[in-house]
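For the sequence shown, the residue numbers in UniProt numbering are 1 to 473.
Cβ atoms here follow ideal geometry from the backbone N, Cα and C, with glycine treated the same way.
All values reported here derive from a predicted model rather than from experimental measurement.
What follows is a set of notes on a single structure, which appears directly below.
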Amino acid sequence: MTHDDDDRFAFHSGSRYALRVVRNPKEYLDSALRGERYIARYQRHSEDGLYWTDPGRGQSVGLSWYSGVAGLSSLYAQLYRATGEDRFADIASESARYLTRHWKEVLTAAQPWLTDDLVELYNCGYQFGAAGVGVVLLDLYREFGEESYRRTVEDIVHYYLDAAKPGEHGGVHWTNTGIAFDGGVILFLIEAYLAFGGDDVRRVIVSAAREYLARGHRTVDGGLLYHGFEGHLDYSYPNFTYGSAGSGLVLARLYQFLEDDQYLQGAKDAAAYVEHVAVRQTQGYLIPQRVGEGQPTILCLNVCSGPGGTARLFSLLYDITGDTHYADQVVELVDGMESLGAPETQSAGLWNNLCLCCGHAGLIQFFIGLYLHDGNERWRDLAERSAAVVLGGEERLDDGASDWPEAWERVRPENITRPIGYFDGVGGIVATLLQMYQWNAGHLQVNRHLEDPFPKTLPARCRAVPDSRISAI
Numbered sequence: 001m002t003h004d005d006d007d008r009f010a011f012h013s014g015s016r017y018a019l020r021v022v023r024n025p026k027e028y029l030d031s032a033l034r035g036e037r038y039i040a041r042y043q044r045h046s047e048d049g050l051y052w053t054d055p056g057r058g059q060s061v062g063l064s065w066y067s068g069v070a071g072l073s074s075l076y077a078q079l080y081r082a083t084g085e086d087r088f089a090d091i092a093s094e095s096a097r098y099l100t101r102h103w104k105e106v107l108t109a110a111q112p113w114l115t116d117d118l119v120e121l122y123n124c125g126y127q128f129g130a131a132g133v134g135v136v137l138l139d140l141y142r143e144f145g146e147e148s149y150r151r152t153v154e155d156i157v158h159y160y161l162d163a164a165k166p167g168e169h170g171g172v173h174w175t176n177t178g179i180a181f182d183g184g185v186i187l188f189l190i191e192a193y194l195a196f197g198g199d200d201v202r203r204v205i206v207s208a209a210r211e212y213l214a215r216g217h218r219t220v221d222g223g224l225l226y227h228g229f230e231g232h233l234d235y236s237y238p239n240f241t242y243g244s245a246g247s248g249l250v251l252a253r254l255y256q257f258l259e260d261d262q263y264l265q266g267a268k269d270a271a272a273y274v275e276h277v278a279v280r281q282t283q284g285y286l287i288p289q290r291v292g293e294g295q296p297t298i299l300c301l302n303v304c305s306g307p308g309g310t311a312r313l314f315s316l317l318y319d320i321t322g323d324t325h326y327a328d329q330v331v332e333l334v335d336g337m338e339s340l341g342a343p344e345t346q347s348a349g350l351w352n353n354l355c356l357c358c359g360h361a362g363l364i365q366f367f368i369g370l371y372l373h374d375g376n377e378r379w380r381d382l383a384e385r386s387a388a389v390v391l392g393g394e395e396r397l398d399d400g401a402s403d404w405p406e407a408w409e410r411v412r413p414e415n416i417t418r419p420i421g422y423f424d425g426v427g428g429i430v431a432t433l434l435q436m437y438q439w440n441a442g443h444l445q446v447n448r449h450l451e452d453p454f455p456k457t458l459p460a461r462c463r464a465v466p467d468s469r470i471s472a473i
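Put into structure tokens, the structure is as follows:
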């Protein structure tokens with residue numbers, strides 16, 4: 001069964017997703033391994049290492065963490081950790097070797113889904129750009145100890161040091177604000193500095209931090225608005241990837257790194273702006289995908305523009321300050337999701353897409369993170385319910401592989417594709433199914449970075465949680 005018009009993979013607002021509830025946690029691993037077999041169909045060998053081709057177009061998937069070689073190299077390292085199978089380590093290593101030889105190509109990669117004026121923002125940025133390749137190679141260096149990975153990370157760091165431009169506020173920048181853009185670059189540089197040091201790296205981080213804080217726009221209520229597409233779009237995205245929620249998290253991380261109170265205050269002000277634009281639901285609230293005159297109120301329920309990403313800011317602020325107000329906001333956001341029927345019911349902001357960025361795979365990782373933080377059984381239940389949706393969307397193929405048909409574009413839910421990437425396709429789905437398996441097996445290790453503040457591993461004993469709103473975090 002591979003036909004695109006199968007109604008199981010279609011979008012019908014208000015309808016329930018197909019569900020499959022596991023009877024044995026090993027079913028998560030079995031499904032993940034079927035997904036890996038699908039990805040393996042598109043693996044290609046070259047003298048420089050391994051890469052993959054796109055199932056729909058037949059050309060290379062590119063190099064990015066989001067949808068290309070970097071993301072899949074990361075996935076295979078996770079498969080190796082979960083299973084101990086050397087073949088997965090070999091694939092991770094050979095694809096990493098390909099990245100070390102070709103990483104500069106990400107800076108000029110074609111992005112056919114973007115207008116020309118936005119391509120530089122993404123290629124110079126985080127999930128789509130060179131910084132994301134650097135994050136993955138840093139992970140792989142820690143995993144395998146291969147010096148060529150370290151050297152390439154240092155090359156990418158020096159690219160950003162050389163490419164930094166004077167800003168309007170006395171510091172430096174690269175392109176625009178947002179986790180996807182300069183915010184993510186700053187987080188990568190912090191990770192690289194913590195790993196390898198370098199006074200020149202720290203100086204650039206300090207300068208970029210000063211510029212980043214100043215680029216926020218003060219609102220009449222004292223909030224701090226970050227407009228990731230400033231100069232390109234006349235409306236803003238307030239949530240995680242492009243807006244104040246993600247930029248607030250960057251500022252909170254800068255406070256932790258630099259121990260300078262102005263960045264903590266900036267993070268609080270960004271959070272205040274996010275709360276100010278909230279749309280109340282039957283219970284809780286949600287943050288609209290876009291804010292601007294004439295913009296429709298689309299309430300996304302995912303990571304990139306929904307609670308799965310935005311709640312990270314509030315969680316981190318609670319960890320830093322101990323202020324229970326921020327813990328309450330996590331509960332509010334999850335309550336808002338459930339008010340719209342998530343995770344089992346489709347809506348305009350939770351459509352026929354199960355990927356890590358835009359759908360239920362990202363929600364699985366989010367709810368696992370909340371559970372690792374406090375042990376609240378509500379989060380376990382929501383993770384399992386989200387996983388049932390992912391398993392229900394699995395398409396079993398004749399050769400023992402599985403894919404997950406999806407509409408990556410929210411505005412084109414009829415356009416069903418089967419991508420293999422980490423954030424946009426089967427790669428991230430496999431990663432989160434591995435997390436579900438490892439979680440139940442008691443040896444969980446989640447691939448998280450500075451943009452994802454939840455614990456990476458299951459603590460020996462989760463602290464007791466009272467029945468109150470503070471139990472959210």
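Nearest-angstrom Cα distance between residue i and residue j?
| i | j | result |
| --- | --- | --- |
| arginine 101 | arginine 34 | 30 Å |
| valine 22 | leucine 382 | 14 Å |
| arginine 61 | alanine 109 | It is worth fixing the name first, because residue 61 is valine in this sequence and not arginine. Spanning the two alpha carbons is a distance of roughly 10 Å. |
| leucine 313 | glycine 248 | 6 Å |
| proline 25 | glutamate 211 | 48 Å |
| aspartate 328 | histidine 227 | 25 Å |
| residue 487 | threonine 324 | Residue 487 falls outside the range modelled here, since the chain spans only 1 to 473, and no answer is possible. |
| glycine 170 | isoleucine 205 | 13 Å |
| alanine 441 | alanine 96 | 29 Å |
| valine 119 | aspartate 90 | 33 Å |
| alanine 311 | tyrosine 285 | 12 Å |
| aspartate 319 | leucine 107 | 36 Å |
| phenylalanine 196 | cysteine 358 | 33 Å |
| leucine 114 | glutamate 409 | 12 Å |
| glutamine 283 | isoleucine 429 | 29 Å |
| serine 73 | serine 93 | 7 Å |
| leucine 258 | arginine 44 | 44 Å |
| glycine 222 | glutamine 262 | 14 Å |
| glycine 306 | arginine 16 | 19 Å |
| glutamate 27 | leucine 433 | 9 Å |
| residue 480 | leucine 333 | The shown model of the chain, from 1 to 473, leaves out residue 480, and the question about it has no answer. |
| alanine 252 | aspartate 260 | 10 Å |
Quick one: measure Cβ to Cβ for residue i and residue j, integer angstroms, because I've assumed they're closer than 8 Å.
| i | j | result |
| --- | --- | --- |
| glycine 349 | leucine 299 | 5 Å |
| alanine 387 | isoleucine 364 | 6 Å |
| residue 477 | leucine 63 | Lying before the first or after the last residue shown, residue 477 is absent from the chain, which here runs from 1 to 473. |
| aspartate 182 | alanine 163 | With 8 Å as the limit, aspartate 182 and alanine 163 do not qualify as a contact, their Cβ atoms being about 11 Å apart. |
| glycine 308 | phenylalanine 229 | Going by Cβ atoms, the distance from glycine 308 to phenylalanine 229 rounds to 21 Å, so no, they are not a contact pair. |
| tryptophan 379 | leucine 391 | At roughly 19 Å, the Cβ-Cβ gap does not stay under 8 Å, so tryptophan 379 and leucine 391 are not in contact. |
| valine 389 | leucine 19 | 6 Å |
Starting from the C-beta of residue i, find all residues in its chain whose C-beta is less than 7 Å away, skip the five residues before and the five after it, and write them out in chain order.
| i | result |
| --- | --- |
| leucine 225 | Gly216, His217, Thr219, Ser236, Ser244, Tyr273 |
| serine 468 | Any reading at serine 468 is ruled out, since the residue's pLDDT is 30, under 50, leaving its predicted position unreliable. |
| leucine 444 | Gln435, Gln438, Thr457, Leu458 |
| tryptophan 351 | Phe11, Ala407, Arg410, Pro413 |
| threonine 53 | Tyr42, Arg44, Gln59, Ser60, Val61 |
| histidine 360 | Pro343, Leu354, Ser386, Val389, Val390 |
Excluding the five sequence neighbours on either side, which residues of its own chain have a C-beta within less than 6 Å of the C-beta of residue i, listed in chain order?
| i | result |
| --- | --- |
| leucine 340 | Ser347 |
| arginine 448 | Lys456 |
| arginine 418 | Pro55, Asp403, Pro405 |
| glutamine 295 | Tyr235 |
| leucine 29 | Tyr437 |
| valine 291 | Ser236, Pro238, Val277 |
| arginine 8 | Ala18 |
Can you tell me which residues form a DSSP beta bridge with residue i?
| i | result |
| --- | --- |
| aspartate 403 | Glu395 |
| tyrosine 285 | Arg280 |
| residue 490 | What the structure shows of the chain is the stretch from 1 to 473, and residue 490 is not part of that stretch, so it cannot be assessed. |
| glutamine 445 | Thr457 |
| tryptophan 52 | Gln43 |
| serine 339 | None; serine 339 has no bridge partner. |
| lysine 26 | Paired residues: none, contrary to the question. |
| arginine 16 | Thr345 |
| histidine 173 | Lys165 |
| valine 291 | Ser236 |
| threonine 108 | DSSP output for threonine 108 lists no bridge partner at all. |
| threonine 417 | Glu406 |
| serine 93 | Answer by DSSP bridge pairing: none, since serine 93 is not bridged. |
Using a Cβ-Cβ cut-off of 8 Å (strictly less than) and excluding sequence neighbours within five positions of residue i, which residues of its own chain qualify?
| i | result |
| --- | --- |
| glutamine 111 | Leu118, Val119, Tyr122, Asn123, Phe128 |
| proline 166 | Val172 |
| histidine 12 | Gln346 |
| tyrosine 66 | Gln127, Phe128, Gly132, Cys357, Gly421, Tyr422, Phe423, Asp424 |
| threonine 297 | Val279, Pro288 |
Any C-beta of chain C sitting closer than 8 Å to the C-beta of residue i?
| i | result |
| --- | --- |
| phenylalanine 367 | This model lacks chain C altogether; it includes just one protein chain. |
Between the stretch 79-94 and the stretch 126-138, do three or more beta carbon pairs fall short of 8 Å?
-> no
Are the stretch 266-280 and the stretch 199-206 in contact at 8 Å, needing three or more beta carbon pairs?
-> no
On the three-pair Cβ rule with 8 Å, is the stretch 37-44 touching the stretch 391-407?
-> yes
Contact the stretch 145-158 vs the stretch 181-196: 3+ CB pairs below 8 Å = yes
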